[in-house]
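Asker: Mind having a look at this structure? Questions to follow.
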Amino acid sequence: MNHERKIRVLIAKVGLDGHEVGARLVARGLRDAGMEVIYTGLRRTPEQVVRAAIDEDVNVIGVSILSGSHMAHLTKLRRLLEEQDAADIHLVAGGVIPPEDISALEAAGVSRVFDASSPVSDIADYINSICAQK
Amino acid sequence: MDKPDTIRQKAERWRCDVRDPSVQTVPERHPHFLNDAGDEVQPVYTPADLDADDFGHASHLGFPGEYPYTRGIDPAMYRREVPIVSAYAGFGDPSDSNKRYRELIQFGVQGLSVALDLPTQLGYDPDDIMACGEVGRMGVAISSLRDLEILFDGIPLDSLSSVGSTANAIGPIILAMYIALGEKQGMDPKRYTVALQNDVLKEYVARGTQIFPPKPALRFTVDALEWCVHNAPHWIPITVCSNHLDVAGAGSTAGTAFTLANTRCYLDDALRRGLHIDQVAPLMRLFLNEREDFFLAVANYRVTRRIWAKLMREHYGARDPASLKIRIMGYAHGPRETAQEPLNNIVRITMGALTCFFGGLQDMRCASYDEAINLPSDEAVKVAIRTQQILAHEFGITSTVDPLGGGYYVETLANRMERRIQEIMNRVDDLGGALGAMENGYVKNTISEGASRRQKAFERKERVSVGMNIFPVKTESRPQTFRIDANVEQRQIARLQQVKSERNPHRVSAALAELASNAKDGVNVMPALIEAVKAYATMGEMCTVLKSAYGEYEPDQSF
């Protein structure tokens with residue numbers, strides 16, 4: 005039987021910042037857009053996020069960071085995904101990320117960086133498009 | 010003056026004969042005008058609107074410095090003293106921040122609130138794995154008393170109107186550090202003022218730097234309040250915040266209601282310890298917000314004083330006028346700071362600051378125009394200070410008390426807000442108070458629903474932001490991103506190791522053992538904390554001890 009699986013997304017808070025309005029808002033928005041969404045809650049390590057992503061068999065990890073530690077955490081997340089044979093999981097990020105860091109993050113394997121003004125519908129469209137490419 | 014009934018008739022005549030024909034010919038810009046609270050705004054307000062709320066001068070307004078304090082807690086208000094210019098600052102390691110503090114003081118800053126980095130706020134030392142990449146980023150790292158000594162090097166605590174910090178879960182530890190620093194500077198606590206945030210309850214639903222489960226965290230917070238009642242009653246051990254609740258999605262009405270409910274939770278805990286309301290209420294301060302419509306913000310500040318005065322007198326039986334007068338601080342941001350065209354934020358912040366003046370606040374800060382992008386740059390912090398000084402001194406707005414008082418629109422908004430705030434407070438009461446409403450999910454759901462509503466309103470352009478969802482432009486200029494020194498983490502770790510090597514290890518372990526046993530037994534931990542801090546116990550060591558006594562917070566995965 006060929007039934008289509010819903011896109012599964014893990015919304016993750018890594019690092020110490022406690023701003024979860026954006027993460028929860030995006031989680032709700034993606035759920036409303038028909039995706040299966042899991043939210044990690046605050047202050048997870050990259051190891052915990054990758055573990056959850058693999059256990060939950062997600063297509064996409066959406067990381068929310070507002071503390072400025074995006075470089076260290078996202079680079080590590082990508083590396084852990086590669087190491088654990090989960091390189092097919094897309095990594096997208098949002099929060100407060102200076103534009104001059106975006107190209108370095110993309111080079112480090114982050115598919116897309118959204119800013120605080122991105123409508124949730126744009127994020128949903130983007131996730132639908134990358135998951136359809138397979 | 011005409012009687013309200015006569016005015017109502019005249020207003021009806023105006024609507025039928027003048028306004029309606031006019032807008033039928035040339036329509037208004039929108040079919041409905043809504044404010045951020047979701048209420049329809051009428052084309053004009055008259056005394057008839059006030060009459061509909063049984064508005065009375067004595068019951069609703071009174072005079073400045075008199076019950077119910079709607080017009081201000083002081084009879085002279087800004088004719089005597091304009092709002093205190095405070096700055097919320099801190100980045101990198103303590104010596105970086107010390108340099109900026111000295112500059113800010115030259116610019117006229119009177120109050121300093123130390124912005125702490127996240128590892129400090131969450132009780133991690135800089136060498137903890139959890140601190141990796143975060144040291145000195147969102148604020149300054151304070152890992153032991155040594156760091157606070159460096160931070161205030163050459164700045165006597167009594168040279169400022171107040172010193173404080175946004176420490177919440179660790180609030181009592183920072184309080185202990187200020188007490189120890191005061192002693193080091195040879196200063197009697199009477200001569201300086203510590204003003205803390207130390208409002209842990211809102212962390213669980215909005216700000217997110219909780220360490221312990223709510224109940225022990227509440228006890229820890231109130232330990233600081235109780236210590237100040239007996240030792241430094243002119244300090245501000247708790248500033249209960251609506252700001253973070255509002256921004257997270259509650260809006261200002263529910264935000265204020267939850268803030269007052271949280272305040273009651275702290276007060277009730279203090280009263281259970283045998284303190285009297287007139288010993289604790291005068292030490293409280295509120296931090297309210299101005300991120301919604303301009304006039305809603307003004308109404309909110311003013312009416313919250315009235316609600317507070319009634320609550321203290323009628324519910325708590327307070328008799329001391331100091332208990333009935335609530336001090337309010339604000340942090341002017343404007344409705345929504347943008348990362349694009351950041352200089353435009355100066356206008357937003359200025360208008361936000363104006364609501365603070367019209368609201369009769371005691372203490373305020375202006376945000377920096379680049380906060381949506383990065384840690385405030387040097388220039389942006391100085392513009393923020395100047396903004397407040399220009400408003401206070403260049404326009405005559407501080408020459409009379411409560412200039413918007415009695416305005417038909419502002420007072421109608423205030424009356425409506427008062428009813429709503431009361432309703433929400435009653436609902437929280439029915440759920441068992443702030444802790445019950447939090448456990449039940451009511452607070453978090455209200456916030457989440459509000460955040461979704463706000464986001465949808467923004468996407469539908471009912472809420473607008475110039476340059477973002479109206480009049481957007483493609484090209485943009487940005488200020489230089491302000492970066493902290495990449496070596497901060499290493500320097501902070503090196504200093505921590507040095508502190509550890511120089512201190513008396515027996516004194517540290519004895520102090521930590523005392524802290525552990527007091528925390529387990531429910532004895533006020535402030536004396537043990539003060540001793541631990543003086544022995545140069547680190548933030549991480551003290552929090553580890555407290556976690557084993559209090560337990561740890563479990564992250565909430567609902568959304």
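Same order as they appear, the protein sequences are chains A and B.
Residue 5 is where the first sequence starts when you use the numbering used here, and the numbers rise one by one after that.
Residue 10 is where the second sequence starts when you use the numbering used here, and the numbers rise one by one after that.
Every residue, glycine too, gets a C-beta built ideally from N, C-alpha and C.
Since the structure is predicted, the reported quantities are computational estimates derived from the model, not experimental observations.
What distance in whole Å lies between the Cβ atoms of valine 356(B) and phenylalanine 296(B), which are believed to be in contact at a cut-off of 8 Å?
Answerer: Not quite, the Cβ-Cβ distance comes to about 23 Å (not below 8 Å), so this is no contact.
Asker: Residues bridged to leucine 95(A) by DSSP?
Answerer: Looking at the DSSP assignment, leucine 95(A) forms a beta bridge with Ile65(A).
Asker: I believe isoleucine 245(B) touches arginine 294(B) by the beta-carbon criterion, under 8 Å. Please report the beta-carbon distance rounded to the nearest angstrom.
Answerer: About 5 Å separates the two Cβ atoms, so the contact holds.
Asker: Can you find a CB in chain A that lies within less than 7 Å of the CB of glycine 560(B)?
Answerer: Not an interface residue.
Asker: Along chain B, in chain order, which residues have C-beta atoms closer than 7 Å to that of leucine 29(A)?
Answerer: Ala460, Ser461 and Gln464, listed in chain order.
Asker: Looking at chain B, is there any beta carbon in it that lies within less than 7 Å of the beta carbon of alanine 76(A)?
Answerer: So yes, alanine 76(A) belongs to the interface.
Asker: Fully enclosed by the region 138-175 of chain B, which beta strand (DSSP E) runs are 3 residues long or longer?
Answerer: If we require 3 residues or more, the beta strand (DSSP E) runs fully inside the region 138-175 of chain B come out as 171-174.
Asker: At what residues does the alpha helix (DSSP H) containing arginine 28(A) begin and finish?
Answerer: Unbroken alpha helix (DSSP H) run through arginine 28(A): 25-36.
Asker: Got a sec? Which residues, its chain only, sit under 7 Å from leucine 363(B) by beta carbon, not counting five neighbours each side?
Answerer: Same-chain partners within the cutoff: Leu400.
Asker: When the Cα atoms are used, what is the spatial distance from asparagine 44(B) to glycine 476(B)?
Answerer: Going by the C-alpha atoms only, they are around 20 Å apart.
Asker: For the beta strand (DSSP E) containing serine 31(B), list its first residue and its last residue.
Answerer: Element bounds for serine 31(B): not the beta strand (DSSP E) but the alpha helix (DSSP H), 29-34.
Asker: Shortest alpha-carbon distance to alanine 6(B) belongs to which of Ala67(B), Phe161(B) and Thr218(B)?
Answerer: Residue 6(B) falls outside the range modelled here, since chain B spans only 10 to 568, and no answer is possible.
Asker: Please list the partners that arginine 216(B) has in chain A, where partner means a Cβ-to-Cβ separation under 7 Å.
Answerer: Per Cβ cutoff of 7 Å: Gly22.
Asker: Have a look at glutamine 194(B) and methionine 147(B) and give me their C-alpha separation to the nearest angstrom.
Answerer: If I take the Cα positions, the gap works out to 28 Å.
Asker: Are the CB atoms of alanine 2(A) and leucine 85(A) nearer to each other than 7 Å?
Answerer: This structure does not reach residue 2(A), given that chain A is present from 5 up to 138, and the question cannot be answered.
Asker: Would you list the one or two residues that DSSP bridges to valine 18(A)?
Answerer: Bridge partners of valine 18(A): Arg48(A).
Asker: In the DSSP assignment, what residue or residues form a beta bridge with glycine 405(B)?
Answerer: Paired residue(s): none; glycine 405(B) is not in a bridge.
Asker: Under three-state DSSP, which class holds tyrosine 213(B)?
Answerer: Of the three classes helix, strand and coil, the one that applies to tyrosine 213(B) here is helix, per DSSP.
Asker: Can you check which of these residues, Gly145(B), Glu468(B) and Arg109(B), is closest to isoleucine 493(B) by C-alpha distance?
Answerer: Looking at the Cα atoms, Gly145(B) is the closest of the given residues.
Asker: Comparing C-alpha positions only, which one of Leu113(B), Gly531(B) and His239(B) sits nearest to proline 198(B)?
Answerer: Looking at the Cα atoms, His239(B) is the closest of the given residues.
Asker: For valine 94(B) versus glutamine 397(B), is the C-beta spacing smaller than 7 Å?
Answerer: Cβ atoms of valine 94(B) and glutamine 397(B): closer than 7 Å.
Asker: For alanine 108(A) and glutamine 501(B), I'd like the C-alpha separation in whole angstroms.
Answerer: The alpha-carbon atoms of alanine 108(A) and glutamine 501(B) are separated by roughly 27 Å.
Asker: Just the Cα atoms here: how many angstroms apart are aspartate 439(B) and arginine 200(B)?
Answerer: Between aspartate 439(B) and arginine 200(B), the C-alpha separation is close to 43 Å.
Asker: Please list, in chain order, all residues of the same chain as alanine 528(B) whose beta carbon is under 6 Å from its beta carbon, the five residues on each side excluded.
Answerer: Closer than 6 Å at Cβ, skipping near neighbours: Val534, Leu555 and Ala558.
Asker: Measuring alpha carbon to alpha carbon, tell me which of Ala537(B), Arg463(B) and Ile479(B) ends up nearest glycine 26(A).
Answerer: The shortest Cα separation from glycine 26(A) among Ala537(B), Arg463(B) and Ile479(B) belongs to Arg463(B).
Asker: Using a beta-carbon distance cut-off of less than 7 Å, what residues from the region 36-54 of chain A approach chain B?
Answerer: Flagged, chain order: Tyr43, Thr44, Gly45, Leu46 and Arg47.
Asker: If you scan the region 32-117 of chain B from start to end, which runs of the beta strand (DSSP E) of 3 or more residues do you find wholly inside it?
Answerer: Qualifying beta strand (DSSP E) stretches, in chain order: 93-98.
Asker: Let me know if glycine 549(B) comes out buried or exposed under the rule of 16 or more other beta-carbons within 10 Å of its beta-carbon.
Answerer: Buried: at least 16 other Cβ atoms inside 10 Å.
Asker: Helix or strand or just coil, what does DSSP make of tyrosine 545(B)?
Answerer: In the structure shown, tyrosine 545(B) sits in coil (DSSP, three-state: anything other than H, G, I, E or B).
Asker: So threonine 230(B) and tyrosine 275(B) are supposed to be a Cβ contact under 8 Å. How far apart are they, rounded?
Answerer: Right, the Cβ-Cβ distance comes to about 7 Å (below 8 Å), so this counts as a contact.
Asker: Hey, does serine 122(B) have any beta-carbon neighbour from chain A nearer than 7 Å?
Answerer: No, because no Cβ of chain A sits closer than 7 Å to the Cβ of serine 122(B).
Asker: What is the DSSP secondary structure of arginine 374(B), counted as helix, strand or coil?
Answerer: Three-state DSSP puts arginine 374(B) in a strand.
Asker: For arginine 32(A) and chain B, any beta-carbon pair shorter than 7 Å?
Answerer: True, the Cβ-Cβ gap to chain B drops below 7 Å.
Asker: Leaving out five residues before and five after arginine 282(B) in sequence, what residues of the same chain have Cβ atoms less than 7 Å from its Cβ?
Answerer: Taken in chain order, the residues that qualify are Glu235.
Asker: Anyone know if the C-beta pair for alanine 290(B) and methionine 321(B) falls short of 7 Å?
Answerer: Yes, they are a contact pair.
Asker: Using a Cβ-Cβ cutoff of less than 8 Å, which residues in the same chain neighbour arginine 504(B) once the five nearest sequence positions on both sides are dropped?
Answerer: If we look at arginine 504(B) and ignore the five residues flanking it on each side, its Cβ neighbours are Asp102, Ser152, Arg155 and Asp156.
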